[in-house]
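Visitor:
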Amino acid sequence: MLLIQQKFGNLLMVGRMINAESDAFGAVRVMVNLTQIGEAAGVAAFLAVNTGREIWGIDVADFRNTLKNGGSIIL
15 MLLIQQKFGN LLMVGRMINA ESDAFGAVRV MVNLTQIGEA AGVAAFLAVN
65 TGREIWGIDV ADFRNTLKNG GSIIL
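Residue numbers (the numbering used here): 15 to 89.
Below, the structure written as structure tokens:
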């Protein structure tokens, strides 16, 4: 769970407070990756509000397409 806080369904964690294993944290803590994580959190929040769902319930395909249409590289 990198972005979503498990105890609170609509609380997203971004920046250096995200949860990651120590090896992975070394890769995600750099600014370019933190920016991408922040953008993903913003898109997830936008979709949740617009669909009336919790973060867990957003459509993953819609989430990925929204990021891709905004210029994000999706693997």
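Beta carbons are placed, not taken as given, at the ideal position from N, Cα and C, and that holds for glycine.
May I ask which residues mark the beginning and end of the alpha helix (DSSP H) holding isoleucine 51?
Guide: Within the sequence shown, residue 51 is the residue found at index 37, counting from 1. Boundaries of the alpha helix (DSSP H) around isoleucine 51: 45–65.
Visitor: Hey, alanine 62 and isoleucine 69: beta-carbon distance below 7 Å or not?
Guide: Start at 1 with the first residue of the sequence shown, and residue 62 comes out as number 48. Start at 1 with the first residue of the sequence shown, and residue 69 comes out as number 55. Yes; because the gap between Cβ atoms is below 7 Å, this pair is in contact.
Visitor: What are the start and end residues of the alpha helix (DSSP H) that includes leucine 40?
Guide: In the sequence shown, residue 40 corresponds to position 26, counting from 1. According to the sequence shown, residue 40 is glycine rather than leucine. It spans 36–42 - the alpha helix (DSSP H) in which glycine 40 sits, taken as one unbroken run.
Visitor: On the premise that isoleucine 72 lies in contact with alanine 58, defined as a C-beta separation below 8 Å, what is that separation, rounded to the nearest angstrom?
Guide: Mapped onto the sequence shown, residue 58 falls at position 44. Mapped onto the sequence shown, residue 72 falls at position 58. Their Cβ separation, rounded to whole angstroms, is 6 Å, which keeps alanine 58 and isoleucine 72 in contact under 8 Å.
Visitor: If I follow the unbroken alpha helix (DSSP H) through leucine 81, where does it start and stop?
Guide: Position 67 of the sequence shown, counted from the first residue, corresponds to residue 81. First-last of the alpha helix (DSSP H) with leucine 81: 74–83.
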